[in-house]
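If you count the sequence shown from 1, position 934 lands on 934 in this note's numbering, and the numbers rise without skipping. Cβ atoms here follow ideal geometry from the backbone N, Cα and C, with glycine treated the same way.
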Amino acid sequence: MSLAPTHDPAQQNTSSDNASGRAESSSILDFADDFIHRHLGPCDDETSQMLASLGFSSLEELTRATVPAEIRIDQEMDIPSSRGEREFLSALKTIASKNKVYRNCIGMGYTHTVTPPVILRNVLENPGWYTQYTPYQAEIAQGRLEALLNFQTMVADLTGLPLAGASLLDEATAAAEAMGMCVSIANHKKTGFYASDQCHPQTLSLLETRARGLGIDLKIGPIEEIDFDHGTGGLCGVLVQYPATDGQVFDYTDLARKASAAGCLTVAAADLLSLTLLKSPGTWGADICVGSAQRFGVPMGLGGPHAAFISTNDQYARKLPGRLIGVSKDSAGNRALRMAIQTREQHIRRDKATSNICTAQALLAIISSFYAVYHGPKGLRQIAERTAGYTGALAQGLRNLGHTILGDDRSDGNIVFDTIRIRLGKGRIHAARQVADAARERGINLREYDDGTLGVTLDETADRALVADLLAAFNFGHYTSLDIDALLEECRAEGRLDLGEFARQDEYLTHPVFNTHHSETQLLRYIFQLMGRDLSLAHTMIPLGSCTMKLNATSEMIPVTWPEFSEIHPFAPDTQWRGYTHMFRELERWLCEVTGLSAVSLQPNAGAQGEYTGLLVIRAYHEQMAAKAGTENKRTICLIPTSAHGTNPASAVMAGMKVVGIKCDDRGDIDLDDLRAKAEKHSDELSALMITYPSTHGVFEATVKEVCELIHSHGGQVYMDGANMNAQVGLTSPGKCGADVCHLNLHKTFCIPHGGGGPGMGPIAVAKQLVPFLPTHPVQRPDTAGEYAIGPVSAAPYGSPSILTISYVYIAMMGAAGLRKATQVAILNANYMAKRLSDHYDILYTDMGGHVAHEFIVDCRSFEKTAGIKIEDIAKRLMDYGFHGPTMSWPVPGTLMIEPTESESKDELDRFCDAMISIRAEIDAVADGSMDREDNPLKNSPHTVYEISRDDWDHPYSRDQAAWPAPWLRQAKFWPTVGRIDNTYGDRNLVCSCPPMEEY
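Structure, rendered in structure tokens:
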């Protein structure tokens, strides 16, 4: 097994590179498309000007001044030279052609779907939708919030439970989140959880992974054998699949009743499309419902990304993991949306959070919500009825061929929706492989069970030709003269399409938003109406510290929707996705090179998921070491600096560790004395230290190697949070610093767009001793899965593979020299801005030379005392200037953390600095009494068109100062559509689904 494969010799760099990463041209005829200067914001002249303002003559000189010599890497990474956009996309087409697009009838939670072209082009492929940040600044995210509110309403209606979240990562992890939610609702007094063996195998396996870390006593078995006394205190929850993984529909009403009587919650993993026909889980007694919205318009993409969902009853609102969109009001009393009850989230509750979830799947949830809006309740039902009809016709044809549909002998009738499981006719029990091969010869994949039965799942793309090919395959390669329509009528005549007591009786999606936009013109206008309410990278820079909102180049995005990448089932035979395999091996090798570590797992499908995975690997390593020594593992202490991301302590708790905080000194560095004392105190129990590098205070700590060596001396491992890798690539690496494992936010450093709060990817890289513990998968074992592999952490073996193409293209087009230069320019941009702003604001932390890394913290704490101005006022006022506010109050309360990235030009940096300097002048005017302390542009920001155009303007400052405080705003102005939102009102009056249409 090659964990870091050699790249294609054709891509070897055979000539010396210039600063841009391309070989020097000797002729005008050799000119090549240079992607690097397209990615980098500053041109050479701007770079020189900024360097000169800082007292440097070159980027290399800046690098030597900011990156400690002890960890600096001066040799070029072993990554091929930069390749042009047109050139590499052509090469990628050749790689993609190695993937074979079959008609996939495997099911298991993944199906083909039709992404309506109006949604494909105008949402999925539109930077106005995919380049926004998570909607923490709600006033400039109203369009996306409305689309997510539609998603919540859709899920709540279809599942029959009133409260739905704004998306989770995938169905299997959603089920695991529900399991943790059950434990939390039981106040951790019940540790038992029962899962039906009729759930999807990837879900069951992931539950086992999660249960080990949380100390949950998980039991998997037939639902008839459930024991409510299982585990300490009994069962806190039970999970069922609806319909079951083999397609059968069971009545769980009695189970839910018995569970409730035993103080146990019922969790249903449901198929959304089936719920347009089947009675909802809420009506038969489920307390929580989870699942995937993938078949609502999102391609399979070898497993992701897709939006999972979760819904529950209102009383569990504060236990619900993930994000929740709620209705509130703004300063003018108008309806406004926001993320509700954030006090339960990891960035506030840390180790006591409901989950470590940070990145959700907002973009995919938005696509699914538009899919429901476009089709409406009638259209969705028609799709479901058509799918069920083809399934019924196929089942009837198979019966006529002498095969048995499992469940046909049930006394209550075999109710199926889209999936059937077939036992071949008498004398043909051992011919399953022959049938599967006959199907593959016709370009169809079936599900193959270990007992010789076969599974078939149909979807909205099913047609007569597919059913005919399937029947031919089950007739051992011989086509028959069976009439598909006649089979359907025969099935109907026998009553097999009658859902009986399972039929849904109540209405759903009754809100006007789902019953209005059914023509393409209507939906197109609705999409752009909502998009106009959201600020994205298409408008301006988004300078959020620790978030790295850099360019998501169009050429990087193009391959995502190529059918060769998007239409592959995650459990298709690997012979059908050799192109993906090629990309995985190359990307793994490159990421090993970037991190200085030995192997990479691409499975974690979010940054926080990567944190959790890395800690599970460390835990497994310690368990194995203890086992070899014949002792019990006692290493469960995780040391975490107080400045760490909120997901860090939450991830540690999920991995079964106990968090011990480490102080930071006055410079923002790890307090070495405190670290030494606590490492010594917990030496025998020390599992890991979690650090971020450069630190969360925006500085390259000179003591990082000493810190890592200290932890190793006490038997611990060092986990490095990869959130700030944009300051490391090509200049240093986690391995060079001494770390043992790190996760990589591909949606930060490596250009996967944030998608308004997801998708993301968080693969982990590990040192040699941790390689044997990398995650596996029960259906498709990843090549990097180790000898002592932990269980799966995502539903699909490679997480969200279709967006890995983005990072793959980025690295290939930048090349080794380009990646290094991008890091240097990111550091240059941050230092240039910090220098410009230092005459007006205090820069909280710098290194001994007065420099920062790729981000910096502006200290605003004194303004509240001198002028009554809070950082929220500054962030909201920046909206009037057309900017997204920086990261607020983290890692230090009362501060703003700014990260410009390498993709912003000097003009844009200056524009933002000018806005901040202008705001400082306004703060001073309030402080010296020139402006009213309560009625001023900062306190009243942001200013909307509605407010500016009112006849009764009664503020002591002008409309011009309110709305056009800078000259560039006369040419291009982004208007917030609501005034400042009342967060408290929204939490006290929690509404998380679409309100009456007249309020829109």
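- With fewer than 16 other CB atoms across the displayed protein chains lying within 10 angstroms of its CB, residue 521 is exposed.
- In terms of Cα proximity to residue 238, the closest of 112, 264 and 246 is 264.
- The Cβ-Cβ distance between residue 420 and residue 499 does not fall below 8 Å.
- For residue 824, the three-state secondary structure derived from DSSP is helix.
- Residue 251 and residue 245 have their C-alpha atoms spaced approximately 15 Å apart.
- Looking only at 764, 243 and 700, the smallest Cα-Cα distance to residue 593 is reached by 764.
- Check the Cα spacing between residue 319 and each of 337, 380 and 182: the tightest is with 182.
- Residue 610 and residue 762 have their C-alpha atoms some 5 Å from each other.
- Non-local beta-carbon contacts of residue 974 in its own chain, meaning distances under 6 Å to residues more than five positions away in sequence, involve 535, 539 and 882 in chain order.
- A straight-line Cα-Cα distance of about 12 Å links residue 484 and residue 472.
- 648 is the residue among 105, 180 and 648 whose C-alpha sits nearest the C-alpha of residue 659.
- By the neighbour-count criterion, in which a residue is buried when 16 or more other Cβ atoms sit within 10 angstroms of its Cβ, residue 49 is exposed.
- The three-state reading of DSSP puts residue 124 in helix, counting H, G and I together.
- Per the C-alpha coordinates, the member of 189, 228, 198 and 196 positioned closest to residue 214 is 189.
- Closest in alpha carbon position to residue 286, among 296, 743 and 266, is 266.
- Contact between residue 165 and residue 338 is absent: CB atoms are separated by about 15 Å, not below the 8 Å threshold.
- By DSSP's assignment, residue 577 forms a beta bridge with 99.
- Judged by beta-carbon spacing, residue 747 lies within the 8 Å limit of residue 359, meaning their Cβ atoms are closer than that value.
- Judged by their CB atoms, residue 888 and residue 878 are not nearer to each other than the 8 Å cut-off.
- Residue ranges of uninterrupted beta strand (DSSP E) with 3 or more members, entirely inside the stretch 139 to 210 and ordered along the chain, are 192 to 196.
- Per DSSP, the beta-bridge partners of residue 456 are 420.
- A distance below 8 Å separates the beta carbons of residue 856 and residue 698.
- The beta carbon of residue 726 lies closer than 6 Å to those of 548, 749, 826 and 854 in the same chain, with the five residues before and after it left out.
- Within the same chain, and ignoring the five residues on either side of residue 355 in sequence, the residues whose Cβ sits closer than 8 Å to its Cβ are 177, 180, 321, 322, 346, 650 and 654.
- DSSP places residue 36 inside the alpha helix (DSSP H), whose first and last residues are 36 to 39.
- By the neighbour-count criterion, in which a residue is buried when 16 or more other Cβ atoms sit within 10 angstroms of its Cβ, residue 743 is buried.
- Relative to the Cα of residue 210, the nearest Cα in the group 788, 652, 891 and 683 belongs to 652.
- Excluding five sequence positions before and after residue 791, the CB atoms of its chain that fall closer than 6 Å to its own CB belong to 205, 208 and 209, given in chain order.
- Under the DSSP definition of a beta bridge, residue 242 partners with 270.
- In this structure, residue 785 lies away from residue 770, with their beta-carbon atoms at least 8 Å apart.
- Less than 8 Å divides the Cβ of residue 767 from the Cβ of residue 741.
- Beta bridge pairing from DSSP links residue 690 with 719.
- By a beta-carbon distance limit of 8 Å, residue 242 contacts residue 268. Their separation comes to about 5 Å.
- As the crow flies, the alpha-carbon of residue 737 is around 26 Å from that of residue 843.
- As the crow flies, the alpha-carbon of residue 195 is around 33 Å from that of residue 584.
- Judged by beta-carbon spacing, residue 299 lies beyond the 8 Å limit of residue 361, meaning their Cβ atoms are not closer than that value.
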